Each structure stands twice: as structure tokens, then as C-alpha cells.
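Residue numbers (the numbering used here): 75 to 239. Data first, discussion second: the structure below is written as C-alpha cells.
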């Protein structure tokens, strides 16, 4: 969520909690936190954010009472990332760091290059954790990424760097 800081101006610890909720896709409904349908304790969220559970409670209540925040946080969902799991299921993964995350066509060029190279994509997602300026593109493919494809991927529009995992 862009401009989250304006809703938590003067409450940096609450902003920290809100960013953790956003990062992990923890939904807030009626002042309670959920990962899917599983309730999350204030204490556990506080440990993850490095704050006291009372700060978490105040943050959840602020989110639920602020229509603009509630509209966003009530719709969050966590999502399975296969990035770290990839080697266990016979896949490879990479993270694409863009030169400018707002540039159109980065995903199209990456997937077209993989397609032309005969590489099957299992999962693709953009992770920005609420800060579009820090977006990265994560890609999981079947099997190994052929070494000769890597320079072609690096030359795609908007690619600053590629991290093969």
C-alpha cells in the first residue's frame, strides 16, 4: 500500500506492524488478524514485528476503524511461494530485480524468453510488500534454467539483475 506512512504518522511502531501484515498477507477483519481462516495472535505478530503485543492490538483496531485501511487489509491473502521449495520439487527459481518496477513489459519479455527457450514456468509473482519501488519478479520453472538462457534474460527490457536460487 502506497502512502501507508500517512495513516500511521507519529506511530512508527504501528506502521511497522502494518508493514508486517502486508508483507505476509495477514488479513484484518473486525480488529482481528488472520492468515486464511487461521487467527493470528497479537503476541506472535508482535514478535515478528519486534514490538509489544499492545502495539499490535492498537494497530489492528486502527486498521479496522479507518475505512481506507480496512478496505485494503480486509482483502489481504497469503500465497504459497515455491521459490525456496523449488529444488525439492525438481524446479529452479530466480528473482528478477527491475531497473524500474513501473516499466511495462518486463514480465512479458521474461516469459517470452523462457517460452522461446522451451522452459516451462510453474509460478510467477511480483512481490512488492506494499512498496512498488522495491518490487521484484519471482519466477519458478520446471527443471534447471539452461545457462545459455541467463544472458538472454539479463538483456530483457527493464532487468537490472537476476538472482538464481
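Backbone N, C-alpha and C define an ideal beta-carbon position, used for all residues, glycine too. Computed from a predicted model, the values in this text were never measured in an experiment.
Q: Starting from the Cα of residue 201, find the closest Cα among 176, 224, 189, 134 and give me that residue.
A: For the purposes of this step, residue 201 is identified with residue 127 of the chain shown, where counting begins at 1. For the residues 176, 224, 189, 134, the minimum Cα distance to residue 201 belongs to 176.
**OP:** Kindly list the residues whose CB is nearer than 8 Å to the CB of residue 172, restricted to its own chain and excluding five residues on each side of it in sequence; keep chain order.
**Re:** Here the question's residue 172 lines up with position 98 in the chain shown. Cβ within range, chain order: 180, 209, 210, 211, 232, 233, 234.
Considering only their Cβ atoms, is the gap separating residue 94 from residue 123 smaller than 8 Å? Position 49 of the chain shown, counted from the start, is the residue given in the question as residue 123. Position 20 of the chain shown, counted from the start, is the residue given in the question as residue 94. Against a cut-off of 8 Å, the Cβ pair of residue 94 and residue 123 comes out as a contact.
Output the distance between the C-alpha atoms of residue 109 and residue 103, rounded to the nearest integer angstrom. Sequence index remark: in the chain shown, residue 109 carries index 35 (1-based). Sequence index remark: in the chain shown, residue 103 carries index 29 (1-based). Cα to Cα, the separation comes out at about 11 Å.
How many Å lie between residue 155 and residue 162 at the Cα? By 1-based counting over the chain shown, the position of residue 155 is 81. By 1-based counting over the chain shown, the position of residue 162 is 88. Residue 155 and residue 162: Cα-Cα distance of roughly 13 Å.
I need the boundaries of the alpha helix (DSSP H) containing residue 134, first residue and last residue. As a first step, residue 134 must be located in the chain shown, where it is residue number 60. Unbroken alpha helix (DSSP H) run through residue 134: 127-139.
- request: Kindly list the residues whose CB is nearer than 6 Å to the CB of residue 191, restricted to its own chain and excluding five residues on each side of it in sequence; keep chain order.
  value: As a first step, residue 191 must be located in the chain shown, where it is residue number 117. Same-chain partners within the cutoff: 223.
CA-to-CA distance, residue 214 to residue 107, given in whole angstroms: Taking the first residue of the chain shown as position 1, residue 107 is located at position 33. Taking the first residue of the chain shown as position 1, residue 214 is located at position 140. Roughly 29 Å between the two C-alpha positions.
- Which residue or residues does DSSP assign as beta-bridge partners of residue 216? Start at 1 with the first residue of the chain shown, and residue 216 comes out as number 142. Beta-bridge partners assigned by DSSP to residue 216: 165.
Residues in the same chain with beta-carbon distance under 7 Å from residue 89, minus the five sequence neighbours each way, listed in chain order, please. For the purposes of this step, residue 89 is taken as residue 15 along the chain shown, with counting starting at 1. The answer, listed in chain order, is 78, 79, 82.
Those residues which DSSP pairs with residue 199 across a bridge
In the chain shown, the residue the question calls residue 199 occupies position 125. 212.
Helix, strand or coil, according to DSSP, for residue 239 in the structure here? Start at 1 with the first residue of the chain shown, and residue 239 comes out as number 165. Here residue 239 sits in coil by DSSP.
Which residue comes first and which comes last in the alpha helix (DSSP H) that contains residue 160?
Taking the first residue of the chain shown as 1, we reach residue 160 at position 86. Careful: residue 160 lies outside any alpha helix (DSSP H) and carries neither H nor E.
(Q) Give me, in chain order, the residues of the same chain whose beta-carbon lies closer than 6 Å to that of residue 116; leave out the 5 immediate sequence neighbours on both sides. (A) Your numbering for residue 116 matches position 42 in the chain shown. Closer than 6 Å at the Cβ level, and outside the excluded window around residue 116, lie 127, 130, 131.
Helix, strand or coil, according to DSSP, for residue 106 in the structure here?
In the chain shown, counting from the first residue as 1, residue 106 sits at position 32. Residue 106 falls in the strand class under three-state DSSP.
Would you say residue 137 and residue 92 are within 8 Å of each other, going by their C-beta atoms? In the chain shown, residue 137 corresponds to position 63, counting from 1. In the chain shown, residue 92 corresponds to position 18, counting from 1. Yes, they are a contact pair.
Problem set entry | CA-to-CA distance, residue 135 to residue 144, given in whole angstroms | Here residue 144 refers to the residue found at position 70 of the chain shown. Here residue 135 refers to the residue found at position 61 of the chain shown. If I take the Cα positions, the gap works out to 10 Å.
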